[in-house]
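First comes the structure, then the notes that go with it.
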Amino acid sequence: MSAAGNHPFKLTIDDDTCRHCRRCMAGDACRANAFVRFEYDDSPFIDMSRCWGCLICTSVCPFGAVRREDYGAEARTFAG
Ligand code: SF4
Ligand code: SF4
78 MSAAGNHPFK LTIDDDTCRH CRRCMAGDAC RANAFVRFEY DDSPFIDMSR CWGCLICTSV
138 CPFGAVRRED YGAEARTFAG
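Count the sequence shown with our numbering and you get residues 78 to 157, in order.
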């Protein structure tokens, strides 16, 4: 796990898969408070600047709505 916001991947919520649960279990499991939702019936989004990179949320969402997208090796090299 690296510092908040410094990860070789980003996490997103797939809006078609997310069931807009009244209580987001993935968000509840996030100890970094990186899940943000403005309306209870919206999909949450993940503030990667807060994320610790533990990936717990990817296994906690029962519908697999949390998606991990790895940055390519080229992008990592470019980013230093
Ligand atoms: S991310 Fe998963 S747990 Fe959270 S509201 Fe969407 S479907 Fe429900
Ligand atoms: S990877 Fe960990 S810190 Fe980042 S959003 Fe998921 S549960 Fe929160």
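We put the CB at the ideal spot given by N, CA and C, even for glycine.
Inset, instruction - Kindly list the residues whose CB is nearer than 7 Å to the CB of A80, restricted to its own chain and excluding five residues on each side of it in sequence; keep chain order. - result: No residues qualify anywhere along the chain.
Inset, instruction - Indicate, with yes or no, if ligand 1 has a heavy atom lying under 6 Å from the CB of F140. - result: yes
Legend entry - Where F140 falls, given that 16 or more other Cβ within 10 Å makes a residue buried: exposed
Inset, instruction - Would you verify that the beta carbon of A103 is, or is not, closer than 7 Å to some beta carbon of chain D? - result: Absent here is chain D; the protein component of the structure consists of one chain.
Inset, instruction - Kindly examine ligand 1 and report whether one of its heavy atoms sits closer than 6 Å to the Cβ of R144. - result: no
Inset, instruction - Please report how far the alpha carbon of C95 lies from the alpha carbon of C128, in whole angstroms. - result: 19 Å
Inset, instruction - Please name the residue or residues paired with L88 in a DSSP beta bridge. - result: R145
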